[in-house]
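*Asks:* Residue 354 is where the sequence shown ends in full-length UniProt numbering, and the numbering goes up by one at each step.
All residues carry an ideal CB built from backbone N, CA and C; glycine is no exception.
Here the structure is a predicted model, which is why all the values come from computation and not from measurement.
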Amino acid sequence: MGIRWGSTGSRMATAALIAGVVSVVGGVVGSAVAPAASFGGNGVTGPRNMDLAGARVVERTMGYPPLVPEGVNDPGCRVSPGRERAVVLVHGTDSTLYADYSLLGAELADDGWCVYGMDYGRGPGPDDGFGWRTIAESAAELDATVTAALRSSGAREVSLIGFSQGATVARYWTNVIDGGKYTATWIGLASPTRGGGPDGLTGLVQTVPQPFRDAVFSPSLQDLLVGSRFLMDFNAAGETVPGPAYVTVSTRFDEMMWRSDLQPIHGERVRNIVLQDLCPENLGGHMLMPYNPTVVALVKYLLVDWQAGGGEGEISCGPVPLGTGIGTVVLQTNLGKLQGVPHNREAVIYDTQF
């Protein structure tokens, strides 16, 4: 059977073909003329912040436009020697590309990476935010962004960085949609590999009538509860696929995943890093993860070589008190709600339609 245009296989094959032409014609990756197609997206560049609360303040004061971190989604970016892969950032539940990655995205762009991202999984209701839809639906949205990132940058492979729910969305794309063909590295920050929340919650939720269940738990959260049918089926097929490297970065003080066995990933070419093994005095939790200075420094190492870094003394380390950032995030989130946060607002996208 032939592959029809618009299928995942055809788009990814086209990405590889264009990348190969760029490499051969230009002599080195990044020196050839840009592909003929037009790439880009919407969005207003926002400043980098030192924590999630700061990013949410910016979103609120700017009136919630589709915001992108500095240097992210640049259609003119081309991969270069030492930075041969495109990097795609995938945000967490009820968040945005900007809120979770205003710092890390900008720093990676500063380091010479071609960095991309989008707001995915917007719910249908006026009070539904991003990351609302099922994991499979959100991964299908991610596919368009990855395809555009590969084609516009000239990269042959992509490295995915997912935070919280975004780690599972990215892993579903890697394992099921891509099959590992074009994924170099998957990095899961606070990854709910086996779900989050207390044991037994999934069974309890199943006893609640569907309308009430859906009013409390979005489809994505139902997918991500410990013991969910989605996660059991997804992981039963193998937590990894041949080819990519898989790295989890977790903290022992995660507010969302209480058991230590929920985040590590099992398979070949895997690495599971615990933040406190790198920096014992860093007690940062789940919500701080993409802004945690030790994690930001670690990700820079992992993108270059997933096996490098990760030993005590190799990564910048400083004290982070327990609970850092939680109070301010709660405050800014509630302020936004009091002021009528437009949850169902315009999404950031990066695609070939521009």
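1) Quick check: V320 and L283, are their CB atoms within less than 7 Å of each other?
2) Report the option in P192, V348 and G131 whose CA atom is closest to the CA atom of S218.
3) What residue range is occupied by the uninterrupted alpha helix (DSSP H) comprising S250?
4) Helix, strand or coil: which one does DSSP assign to L160?
5) Tell me which same chain residues have a C-beta within less than 6 Å of the C-beta of D74, skipping the five on either side of it?
6) Report the partner residues of T147 according to the DSSP bridge assignment.
7) For the region 111–126 against the region 324–335, are there 3 or more C-beta pairs whose distance is under 8 Å?
8) Return the chain-ordered list of same chain residues with a C-beta closer than 6 Å to the C-beta of F39, the five sequence neighbours on each side being excluded.
9) Do you know how far the Cα of V216 is from the Cα of A16?
10) My guess is that V88 and L189 are in contact by the Cβ rule of under 8 Å, so how many angstroms apart are they, rounded?
11) Can you give me the start and stop residues for the beta strand (DSSP E) that T333 sits inside?
12) Buried or exposed: which applies to P242, given that a residue is buried once 16 or more other Cβ atoms fall within 10 Å of its Cβ?
13) If W173 sits next to L142, beta carbons under 8 Å apart, how far is it from one beta carbon to the other, in whole angstroms?
14) Here's the rule I'm using: 16 or more other beta-carbon atoms within 10 Å means buried, otherwise exposed. How should L338 be labelled?
15) Do G195 and L160 have their CB atoms nearer than 7 Å?
16) What are the start and end residues of the beta strand (DSSP E) that includes N272?
17) Pull the bridge partners of N282 from the DSSP assignment, please.
18) For R48, which of G323, L103, Q222 and E84 has the nearest alpha-carbon?
*Replies:* In this structure, then:
1) yes
2) G131
3) Where S250 is concerned, there is no enclosing alpha helix (DSSP H), although the beta strand (DSSP E) it sits in stretches over A245 to S250.
4) strand
5) none
6) According to DSSP, which records beta bridges pairwise, T147 is partnered with nothing at all.
7) no
8) P75, A148, S152 and T352
9) Residue confidence for A16 is low, a pLDDT of 36 falling below 50, so the modelled location carries little weight; the figure read from the coordinates is stated next. C-alpha separation (whole angstroms): 42 Å.
10) Not really, about 14 Å apart at Cβ, beyond 8 Å.
11) No beta strand (DSSP E) holds T333; the alpha helix (DSSP H) holding it covers I326 to L338.
12) exposed
13) 5 Å
14) exposed
15) no
16) V270 to V274
17) V320
18) L103
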